[in-house]
Ligand code: SIN
Ligand code: MN
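Residue numbers (this note's numbering): 11 to 270.
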């Protein structure tokens, strides 16, 4: 499923592109079958890394792409890798991956930010691309991702660390900058069905609301980095679960669809 020229042009203009129905129901079944263990396990026992809401509910699970076979296969899917390689113009490795969980009525907000707002401090250039795979329906009510079309062309904006809104330190863009830059008409909610995949630029401004709905909203985000852009040495480097030290190019084989 190669992208058309029009799709590449759309991505370059908006900083993101949604590809509908990239995964089959068999793919989704295999991914969902792996989720209970990934969400409920113990970091010390299974090598994953989990972040939690203030309530204790799991907010994020890192490293599924290393430990869980259906997620290992997912990050190697040619339908994902081919456009990512075409956009970077090079081979890529997995920078990190995370399952972002928003439980019904519980999952919390993500404030407006650019991923490169904080990745810059990891010592890389803005050549990273993220792919958000919808595992559940994403709706206006359950906190779908919201993006500002074209904001990747602003370049990186200054970010500050918010440590009060959620359990999690969030790097975000301050309100005066948002007021100066964001037009209401450019704010796009990215709703979709399980198996849809959103590709987005590391300078795209995005965030999402609290889950106000009975529908859980789980997504899997895999971020790829150009192999020619490994992190330069920085003071206080972040751990490998969030800034991978394995720079091996991801090879996408034309594998059959993943099975349970
Ligand atoms: C993120 O920006 O990484 C998370 C956004 C979300 O899960 O809605
Ligand atoms: Mn983000």
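A virtual CB, placed ideally from N, CA and C, is assigned to each residue, including glycine.
It should be emphasised that the depicted structure is a prediction, and the values quoted were computed from it without experimental measurement.
What does the alpha-carbon distance come out to for the pair residue i and residue j?
i	j	result
residue 42	residue 125	26 Å
residue 147	residue 203	4 Å
residue 264	residue 92	Here the model assigns residue 264 a pLDDT of 47, short of 50, so the residue's position is not dependable and the matter cannot be decided.
residue 88	residue 262	5 Å
residue 47	residue 250	22 Å
residue 221	residue 129	26 Å
residue 16	residue 120	30 Å
residue 115	residue 151	10 Å
residue 12	residue 95	12 Å
residue 14	residue 29	11 Å
residue 168	residue 51	36 Å
residue 127	residue 164	12 Å
residue 19	residue 257	29 Å
Tell me whether residue i counts as near ligand 2, meaning its Cβ is closer than 8 Å to at least one heavy atom of that ligand.
i	result
residue 251	no
residue 172	no
residue 211	no
residue 101	no
residue 123	yes
residue 161	no
residue 1	Lying before the first or after the last residue shown, residue 1 is absent from the chain, which here runs from 11 to 270.
residue 65	no
Which residue's Cα is closest to the Cα of residue i: the options?
i	options	result
residue 21	34, 151, 159, 48	159
residue 156	24, 102, 253	24
residue 237	12, 45, 259	259
residue 27	90, 80, 55, 123	90
residue 132	240, 214, 12	240
residue 82	167, 14, 40, 243	40
residue 196	173, 63, 162	162
residue 180	191, 246, 193, 217	217
residue 219	213, 199, 212, 37	199
residue 75	45, 192, 174, 212	45
Less than 8 Å separating the Cβ of residue i from some heavy atom of ligand 1?
i	result
residue 217	yes
residue 112	yes
residue 24	no
residue 229	yes
For my contact list, residue i and residue j are in at a C-beta cut-off of 8 Å; report their separation, rounded to the angstrom.
i	j	result
residue 49	residue 71	6 Å
residue 153	residue 227	5 Å
Would you say residue i and residue j are within 9 Å of each other, going by their C-beta atoms?
i	j	result
residue 205	residue 138	no
residue 271	residue 209	Here the chain has residues from 11 to 270 only, and residue 271 is not among them.
residue 225	residue 122	no
residue 110	residue 201	no
residue 207	residue 142	yes
residue 253	residue 77	no
residue 183	residue 104	no
residue 63	residue 223	no
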